[in-house]
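Asker: Okay, here's the structure, questions in a sec.
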């Protein structure tokens, strides 16, 4: 089948030679000389060109040659010590002028290169034959088999235009080479000053770039954002020396380098930490029958020391989408003496089942030497089975936040938001001053009022009331987790700021270390603040004594109790029996209830019916009122709980050991590099506002740069050597532990959102003015809850009509924000899914 070539039009005044070559799929046929032809069309079809053939059009124009002007231009007869030295010199000339060079052919004799050619990157022409065959193969696969997915090839361009510029070398003896030929004329324009930064010769991932991209990745900063940050530090994009794509490719190369050695490398890292910390770093792992990693647990010395003091209550919850294998990340979380989250240990599991939880709790007990007094989890059936076996004497409690979050999805979003049901129920559920009997009566009365006594899910939650209702924990030590919602969810949200679901295990652990470092730095900052003394609000000596003992965060809570004791308490009755003072105290803000405080006069032992000291660990207002009646000006030692004291870890921890030191030469190199960077910033700081001093510093740095270059033994390490140094671990030749298999856990995939989550699209609902009830509510006149109903009725989840006053419908929940929502500033809990 014959084909007609497309029409091409050339300016006869500029075109001197037109040559068309035809390619039949195997060989180039004779060219067709079309010189002097201003235009051509179907007249060339007489060559009987097949459809499968390709053609190349070469046009020689009478355009002047481009000759670069450079101070480092090569010349014939110039001597170089090696071929690489000549190529570097020619590359510098090209970079300065605005073009690129590449290595071309060479001739060897007896193993010695006797001639070598360097050409412009635009020399030659694009290899059409290979691309044509690839396109044909892709097309055939698309047609022949419907089940075979066609190969998607990247669209590429070529800048080759038969440029004749080149540099030829010949062997001059004694391992030196002489320039035998140098053509400096180009048939194309050069890159402008603003375009030179994109030339390959001017782009390189320098040591600064490599380290910067690698380091900021630990804070969940991607390569594109890192490129923008570095631009601000360097002053311009051209000063970076690499593009954002180069940054992205560098992170890709790191993942490729880790590859199948992922598990081996993280285990080698853990082993190095254990050796350098004198076995203070604890880790264990397990594999399946095929040698793939399935479980990994670790705890460093700082976490173990914190657990020794703050480990009375532990919160345990899973985090998903933290690594490329879908393994579940499960941190062990507690509360430190500043009321902040502290991480004791962590693990990675391939599944959330009884076997995995049994193993991880056993490893936790092995590392920490003792079980927690109370462990808080979500409603995981596997944990409910495992915890009584591994921690038989520990109290298992369900997280209230997980349960309360389900009410709108179980009862209806509109019903929970627009009726007073949640407000009334919360007054019963969250009230830790109620006794179990009082709670049960309040629960039943609220459900009967809204005709929900037969609701199956509410009845199920009532059967589990001993695991999540505060009234059943009012006399149990909870370490501040009793009325604080989902400490684990807040920590999971915090860790998700550092990790990405595509991270390898090595990258994940580096991100984890970065998160822990930030968490502990916040602790050190708060510990430093304890050297300052808050301002007292009363004139009592006992408040001044509290300032000396408690951390600032806990002191403000104790101060609130002391203030209430001074202004809100009154004595209802006082009896002294057998050396014990029994006080009945009336609280101004708690009606129809008296609190009994028993004070042993000989030892100052105190007990109170509110049980605040038992639950949280600091004295209540009733304590302070009774102590004031007895003229006691200092807090009795038995009321000073170690976990809330200043410097409690340093004073009371019985775990001894040292943190992991510098495990490798790379870590020492990086530490030294950081010192150099700090010193350099200090130098700039000293002369920042003096031009002459800045010039003096610049001259000195250039001199030091030249001297330092001569000292470097390996100035051009390979890419793999650089990556191995950054990771601090080199992959072994033999894979001992294979990477984990892909896990499919309940949180691994994108879950189905509830109707309430879809309605708000992950954002807080905005209050709006309703023209019907004239209030700022979550509805308006169009979707008013009683619209279309008679007598202002709304329906409960069973379809029963409920009385609803439009002037009070949708009242906001009146709950103490400090006690209902997590005070940890590390993040807002994520939405919880079943």
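In the working numbering, the protein residues as written are 30 to 863. C-beta atoms are modelled at their ideal positions from N, C-alpha and C, and glycine is treated no differently.
To the nearest angstrom, how far is it from the Cα of residue 228 to the Cα of residue 235?
Answerer: Locating residue 228 in the chain shown gives position 199, where the first residue counts as 1. Locating residue 235 in the chain shown gives position 206, where the first residue counts as 1. Using only the alpha carbons, I get a separation of about 15 Å.
Asker: What distance in whole Å lies between the Cβ atoms of residue 147 and residue 102, which are believed to be in contact at a cut-off of 8 Å?
Answerer: Sequence index remark: in the chain shown, residue 102 carries index 73 (1-based). Sequence index remark: in the chain shown, residue 147 carries index 118 (1-based). That belief does not hold up - the Cβ atoms of residue 102 and residue 147 are roughly 14 Å apart, past 8 Å.
Asker: Pick out whichever of 767, 773 and 799 has its Cα sitting closest to the Cα of residue 321.
Answerer: Taking the first residue of the chain shown as 1, we reach residue 321 at position 292. That would be 767, whose Cα lies nearest to the Cα of residue 321.
Asker: Return the chain-ordered list of same chain residues with a C-beta closer than 7 Å to the C-beta of residue 654, the five sequence neighbours on each side being excluded.
Answerer: Indexing the chain shown from 1 puts residue 654 at position 625. Here the set comprises 594, 598 and 614.
Asker: Please classify residue 580: is it buried, with 16 or more other beta-carbons within 10 angstroms of its beta-carbon, or exposed?
Answerer: On the chain shown, residue 580 is found 551 positions in, with the first residue counted as 1. The residue is buried, with at least 16 neighbouring Cβ atoms inside 10 Å.
Asker: Beta-carbon separation of residue 796 and residue 806 under 8 Å?
Answerer: Your numbering for residue 796 matches position 767 in the chain shown. Your numbering for residue 806 matches position 777 in the chain shown. Yes, these two residues count as a Cβ contact at 8 Å.
Asker: Can you list, in chain order, the residues of its chain with a C-beta nearer than 8 Å to that of residue 716? Leave out the 5 residues immediately preceding and following it.
Answerer: By one-based count along the chain shown, residue 716 stands at place 687. Here the set comprises 722, 723, 725 and 726.
Asker: Give the secondary structure of residue 232 by DSSP, where H, G and I count as helix, E and B as strand, and everything else as coil.
Answerer: As a working mapping, residue 232 is identified with position 203 in the chain shown. Reduced to three states, the DSSP call for residue 232 is coil.
Asker: Can you list, in chain order, the residues of its chain whose CB lies under 6 Å from that of residue 267, leaving out five sequence neighbours each side?
Answerer: Taking the first residue of the chain shown as 1, we reach residue 267 at position 238. Result list for residue 267: 226, in chain order.
Asker: Using 8 Å as the Cβ pair cut-off and three pairs as the minimum, do the segment 306 to 315 and the segment 481 to 494 touch?
Answerer: At 8 Å Cβ cutoff, the stretches do not touch.
Asker: Which residue's Cα is closest to the Cα of residue 404: 132, 210, 448 and 340?
Answerer: One-based indexing of the chain shown puts residue 404 at position 375. With distances taken between Cα atoms, residue 404 lies closest to 340.
Asker: Taking the C-alpha atoms as reference points, what is the distance between residue 735 and residue 672?
Answerer: Here residue 735 corresponds to residue number 706 of the chain shown, with the count starting at 1. Here residue 672 corresponds to residue number 643 of the chain shown, with the count starting at 1. Going by the C-alpha atoms only, they are around 56 Å apart.
Asker: Would you say residue 425 and residue 407 are within 8 Å of each other, going by their C-beta atoms?
Answerer: Stepping through the chain shown from its first residue, residue 425 is reached at position 396. Stepping through the chain shown from its first residue, residue 407 is reached at position 378. Not closer than 8 Å, so no.
Asker: Can you have a look at residue 327 and say buried or exposed, based on whether 16 or more other CB atoms are within 10 angstroms of its CB?
Answerer: Locating residue 327 in the chain shown gives position 298, counting from the first residue. The residue is buried, with at least 16 neighbouring Cβ atoms inside 10 Å.
Asker: What residue does the alpha helix (DSSP H) around residue 281 start on, and which one ends it?
Answerer: The residue given as residue 281 occupies position 252 in the chain shown. It spans 273 to 287 - the alpha helix (DSSP H) in which residue 281 sits, taken as one unbroken run.
Asker: How long is the line joining the alpha carbons of residue 249 and residue 474, rounded to whole angstroms?
Answerer: For the purposes of this step, residue 249 is taken as the residue at position 220 of the chain shown. For the purposes of this step, residue 474 is taken as the residue at position 445 of the chain shown. The alpha-carbon atoms of residue 249 and residue 474 are separated by roughly 50 Å.
Asker: Please classify residue 331 as buried or exposed, where buried requires at least 16 neighbouring CB atoms within 10 angstroms.
Answerer: Looking up residue 331 in the chain shown gives position 302. Residue 331 is buried by the Cβ-count criterion.
Asker: Per DSSP, what kind of secondary structure is residue 194 in: helix, strand or coil?
Answerer: Counting from one through the chain shown, the residue named residue 194 turns up at place 165. In the structure shown, residue 194 sits in coil (DSSP, three-state: anything other than H, G, I, E or B).
Asker: So does the segment 460 to 471 actually touch the segment 355 to 368, counting three or more Cβ pairs closer than 8 Å?
Answerer: Counting Cβ pairs under 8 Å, fewer than three are found: no touch.
Asker: What runs of the alpha helix (DSSP H), each 4 residues or longer, lie entirely inside the segment 417 to 454?
Answerer: Runs of the alpha helix (DSSP H) inside the segment 417 to 454: 429 to 433, 436 to 440 and 442 to 447.
Asker: For the alpha helix (DSSP H) containing residue 26, name the first residue and the last one.
Answerer: The first residue shown for the chain is 30 and the last is 863, placing residue 26 beyond what the model contains.
Asker: Is the number of C-beta pairs between the segment 436 to 453 and the segment 413 to 424 that are closer than 8 Å three or more?
Answerer: No: the two stretches stay apart, fewer than three of their Cβ pairs being nearer than 8 Å.
Asker: Can you have a look at residue 200 and say buried or exposed, based on whether 16 or more other CB atoms are within 10 angstroms of its CB?
Answerer: Here residue 200 refers to the residue found at position 171 when the chain shown is read from its first residue. It counts as buried.
Asker: Can you tell me whether DSSP reads residue 183 as helix, strand or coil?
Answerer: Residue mapping note: residue 183 aligns to position 154 of the chain shown, counting from 1. Coil.
Asker: For residue 587, count neighbouring Cβ atoms within 10 angstroms of its own Cβ and tell me buried if that reaches 16, exposed if not.
Answerer: Here residue 587 refers to the residue found at position 558 of the chain shown. Residue 587 should be labelled buried.
Asker: If you draw a straight line from the C-alpha of residue 216 to the C-alpha of residue 153, how long is it?
Answerer: Here residue 216 corresponds to residue number 187 of the chain shown, with the count starting at 1. Here residue 153 corresponds to residue number 124 of the chain shown, with the count starting at 1. Roughly 12 Å separates the two Cα atoms.
Asker: Three or more C-beta pairs closer than 8 Å, one from the segment 249 to 263 and one from the segment 289 to 301: is that the case here?
Answerer: Result no; under three Cβ-Cβ pairs closer than 8 Å.
Asker: Look at the alpha carbon of residue 128 and the alpha carbon of residue 373, and state the distance between them as a whole number of angstroms.
Answerer: Locating residue 128 in the chain shown gives position 99, where the first residue counts as 1. Locating residue 373 in the chain shown gives position 344, where the first residue counts as 1. Going from the Cα of residue 128 to the Cα of residue 373 covers about 57 Å.
Asker: The beta strand (DSSP E) spanning residue 147 covers which residue range?
Answerer: Locating residue 147 in the chain shown gives position 118, counting from the first residue. Looking at the DSSP string, the run of the beta strand (DSSP E) that includes residue 147 is 141 to 149.
Asker: My understanding is that residue 276 touches residue 242, with C-beta atoms under 8 Å, so please give their C-beta distance in whole angstroms.
Answerer: As a working mapping, residue 276 is identified with position 247 in the chain shown. As a working mapping, residue 242 is identified with position 213 in the chain shown. 5 Å between Cβ atoms; contact.
Asker: When the Cβ atoms of the segment 349 to 356 are set against those of the segment 374 to 383, are three or more pairs found closer than 8 Å?
Answerer: Verdict: yes, contact present.
Asker: Residue 525 and residue 348 look like a contact to me (Cβ under 8 Å); what is the Cβ gap, rounded to whole Å?
Answerer: Residue 525 sits at position 496 when you count from the first residue of the chain shown. Residue 348 sits at position 319 when you count from the first residue of the chain shown. Correct: roughly 7 Å between the Cβ atoms.
Asker: Residue range of the beta strand (DSSP E) that residue 374 falls in?
Answerer: Stepping through the chain shown from its first residue, residue 374 is reached at position 345. Per DSSP, residue 374 belongs to the beta strand (DSSP E) from 370 to 378.
Asker: Using the C-alpha atoms, what's the distance from residue 808 back to residue 910?
Answerer: Outside the shown range of the chain (30 to 863) lies residue 910, about which nothing can therefore be said.
Asker: If you run the structure through DSSP and keep just helix, strand and coil, what is residue 342?
Answerer: Counted from its first residue, the chain shown places residue 342 at position 313. If DSSP states are grouped into helix, strand and coil, residue 342 belongs with the strands.
Asker: Using the Cβ count rule (16 or more neighbours within 10 Å means buried), how would you classify residue 556?
Answerer: The count along the chain shown starts at 1 and reaches residue 556 at position 527. It counts as buried.
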